[in-house]
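One structure is given below, encoded as structure tokens.
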Amino acid sequence: MKNVVIIGAGYGGLVASALLAKEGHNVTVIEKNEQPGGKASLLVKDGFQFDMGPSWYMWPQAFEKFFEEFNEDASELLELRKLDPSYRVFFDDGEIIDISSNVENNYEIFEKLEPNGGEKLRKYLEVCKKQYDISMKRLVYRSYNSIFSIFTPSMMIDGLRLKPFSNYHKRVKAYFKNPKAQKLLEWITVFLGGDPRNVPGMYCMMSYLDHHHGIYYPKGGMNGVAKKIHEIAEKHGVQFKFNEAVTKINVEDKKATRIITENAEYGADLVVNNADYHHGETQLLTEENQTYKSSYWEKKTMAISMHLAYIGVKRKIDCLTHHNYFFHENWNDHFDQVFKDPKWPDNPNFYVCCPSRIDEGVAPKGMENLFFLVPVASDLEDSDAIREAYFDKVLEKFENWTGEKIKDDIVVKSLFTHRDFKNRYNAYKGTGLGMAHTLWQTAVFRPKHKSSKVKNLYYTGQYNHPGVGVPTTVISSQILVNEMKKEGVLV
Ligand SMILES: Cc1cc2nc3c(=O)[nH]c(=O)nc-3n(C[C@H](O)[C@H](O)[C@H](O)COP(=O)(O)OP(=O)(O)OC[C@H]3O[C@@H](n4cnc5c(N)ncnc54)[C@H](O)[C@@H]3O)c2cc1C
Numbered sequence: 403m404k405n406v407v408i409i410g411a412g413y414g415g416l417v418a419s420a421l422l423a424k425e426g427h428n429v430t431v432i433e434k435n436e437q438p439g440g441k442a443s444l445l446v447k448d449g450f451q452f453d454m455g456p457s458w459y460m461w462p463q464a465f466e467k468f469f470e471e472f473n474e475d476a477s478e479l480l481e482l483r484k485l486d487p488s489y490r491v492f493f494d495d496g497e498i499i500d501i502s503s504n505v506e507n508n509y510e511i512f513e514k515l516e517p518n519g520g521e522k523l524r525k526y527l528e529v530c531k532k533q534y535d536i537s538m539k540r541l542v543y544r545s546y547n548s549i550f551s552i553f554t555p556s557m558m559i560d561g562l563r564l565k566p567f568s569n570y571h572k573r574v575k576a577y578f579k580n581p582k583a584q585k586l587l588e589w590i591t592v593f594l595g596g597d598p599r600n601v602p603g604m605y606c607m608m609s610y611l612d613h614h615h616g617i618y619y620p621k622g623g624m625n626g627v628a629k630k631i632h633e634i635a636e637k638h639g640v641q642f643k644f645n646e647a648v649t650k651i652n653v654e655d656k657k658a659t660r661i662i663t664e665n666a667e668y669g670a671d672l673v674v675n676n677a678d679y680h681h682g683e684t685q686l687l688t689e690e691n692q693t694y695k696s697s698y699w700e701k702k703t704m705a706i707s708m709h710l711a712y713i714g715v716k717r718k719i720d721c722l723t724h725h726n727y728f729f730h731e732n733w734n735d736h737f738d739q740v741f742k743d744p745k746w747p748d749n750p751n752f753y754v755c756c757p758s759r760i761d762e763g764v765a766p767k768g769m770e771n772l773f774f775l776v777p778v779a780s781d782l783e784d785s786d787a788i789r790e791a792y793f794d795k796v797l798e799k800f801e802n803w804t805g806e807k808i809k810d811d812i813v814v815k816s817l818f819t820h821r822d823f824k825n826r827y828n829a830y831k832g833t834g835l836g837m838a839h840t841l842w843q844t845a846v847f848r849p850k851h852k853s854s855k856v857k858n859l860y861y862t863g864q865y866n867h868p869g870v871g872v873p874t875t876v877i878s879s880q881i882l883v884n885e886m887k888k889e890g891v892l893v
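Laid out in structure tokens, this is it:
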């Protein structure tokens, strides 16, 4: 039995803790905040319950694979509901399109958008499915310990079949000329923290998941899922220490021996860092023990940060469904102001989640729970005045777009942006999603699961392969534990 200390109770830390405890180890998770879930925390205010971070339950297979390890059926355990429509898109010319959980309906929608659009969507999604199949077979559930791991003949063949050098926008544009059709397929790159022009086209596998497998709502939202994993971990004996920040990973003879927190010290045979990778490396280790020094991080393309607003409204808003997007037909200016010329976007596109449309538990009766999200550049100046003015701007757009004047009906309001990501999660440059998924920040090019300087120090979370997102973070910890088993460090 090993003493394993995990830093951080985000999805990465929770999953790793449950898996390691199931293997019979003595696992302690130390978390600086008051609850499990990390970015998927819950904000409770005046009868409203807001998912503070992720709201999309997508790629059900990835969750099932994890819960099966504990003989649990994900759809029963999480009380999953398939959403229909999956989401609603409001365009700036007034058109509203509902993407259905039945792909046949979506062929009809695309047929109306451009000649032969339905058949084009069918063909496009066939390609996305092929990408998904190749990725599942070869690329996702595996580690990349060195650059040479991608130079095997089978990896090269499969890697090239994914056409990694074509960007997402180009790939979509090869099928669709209509700007709305393009946007309905490209928005998903925001999940990867990028821009359709800098995310590789091979991630179109996500459109296959979206259109063929649908979007679900777990009871209690995405924080509810984190709570279930936390329960499973505790059932297997994991000890959780909340409200305790790690301040140092003590290293002797290239081994992490003790984890120092504000109040205590914990001896460790193995250490897993789930805190923001940059924080773990540059703040918790001394320079000679850092695999990735400050200069490494400075050169990386960081993913988006977000301007978030948790809003309670004292009446119903019938034009909304659970997931709602608001897109300008020309959205490149917004992306340019995130990645090329970072500033608060002048003309933002945004997302509004309204879980109270289907879950009575998240808002008082007759009221709505709204979560506004605007993707913005990391590390912007973020004062109270800026964030307030920015919310007013987004709210005005929302009101004009939907015709629903809600300003005077707001009873709860809480804003969350860069400095909150920094303060609450130690997030580098206040980004919400870590490192963007550009080609050179994918798979073997993401930071490794294992430190190359400290023998018994490991990493898991959205910075590692396979990357940003809840299902990918779950997979990251599954990969990590498999690697630890293969390495023989768990015996
Ligand atoms: C607003 C938002 C919306 C999103 N929407 C979606 C979505 O709809 N679907 C989806 O799949 N993904 C979504 N994502 C992405 C997804 O939430 C993340 O990729 C994932 O949750 C990251 O998990 P993690 O375990 O890597 O990191 P984190 O969740 O950041 O966990 C790391 C933990 O480490 C803790 N920590 C940091 N420093 C210390 C320290 N010194 N000592 C102790 N603890 C420490 C932090 O407090 C945190 O709890 C969203 C993210 C955000 C921010």
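FYI, the numbering for the sequence shown is 403 to 893, going by this note's numbering.
Positions of the beta carbon are idealized from the N, C-alpha and C atoms, including for glycine.
Looking only at Leu-523, Val-856 and Asp-784, the smallest Cα-Cα distance to Pro-744 is reached by Asp-784. Taking the C-beta atoms as reference points, Phe-493 is found no nearer than 9 Å to His-867. Within the DSSP bridge table, the entry for Gln-451 names Val-446 as partners. For a cut-off of 8 Å, the C-beta gap from Asp-448 to Gly-626 is around 20 Å, too long to register as a contact. The beta-carbon separation of Val-856 and Lys-650, rounded to 13 Å, does not stay under the 8 Å limit for a contact. If you check the C-beta of Gly-836 against ligand 1, you find a heavy atom less than 8 Å away.
Residue state for His-725 is assigned as strand, using DSSP reduced to three classes.
Counting along the chain, the unbroken beta strand (DSSP E) around Glu-667 starts and ends at 667-669. Rounded to the nearest whole angstrom, the C-alpha separation of Glu-683 and Lys-585 is 37 Å.
For Lys-643, there is no enclosing alpha helix (DSSP H); the residue is part of the beta strand (DSSP E) that begins and ends at 641-643. Proximity of the beta carbon of Ser-878 to ligand 1 is indicated: a heavy atom of the ligand is located closer than 8 Å. C-alpha of Glu-433 to C-alpha of Phe-642: approximately 8 Å in a straight line. Annotation: the continuous beta strand (DSSP E) that includes Cys-755 extends over 752-755. Only residues of its own chain outside the window of five on either side were considered, and among them Leu-479 and Leu-480 have a CB closer than 7 Å to the CB of Lys-630, listed in chain order. Within the segment 567-643, the complete alpha helix (DSSP H) segments of 4 residues or longer fall at 570-575, 581-588, 607-610 and 623-637, listed in chain order.
Cβ contact annotation for Ile-590 (same chain, cutoff 7 Å, sequence separation greater than five): Met-608, Ser-609 and Asp-612, in chain order. By the Cβ criterion, the segment 732-741 is not in contact with the segment 675-695, since fewer than three pairs of Cβ atoms, one from each stretch, lie closer than 8 Å. Judged by DSSP secondary structure, Asp-738 falls within the alpha helix (DSSP H) whose first and last residues are 734-741. The beta-carbon separation of Asn-858 and Gly-669, rounded to 12 Å, does not stay under the 8 Å limit for a contact. Inclusion of Val-872 in the 8 Å shell around ligand 1 follows from its C-beta lying nearer than that to a non-hydrogen atom of the ligand. With the rule of 3 Cβ pairs closer than 8 Å, the segment 534-548 counts as touching the segment 867-878. DSSP lists Asn-405 as the beta-bridge partner residues of Asn-428.
Put simply, the backbone Cα of Phe-450 is about 23 Å away from that of Tyr-413. When DSSP states are grouped into helix, strand and coil, Glu-654 belongs to the strand group. Within the chosen limit of 8 Å, ligand 1 reaches the beta carbon of Gln-864 through at least one heavy atom.
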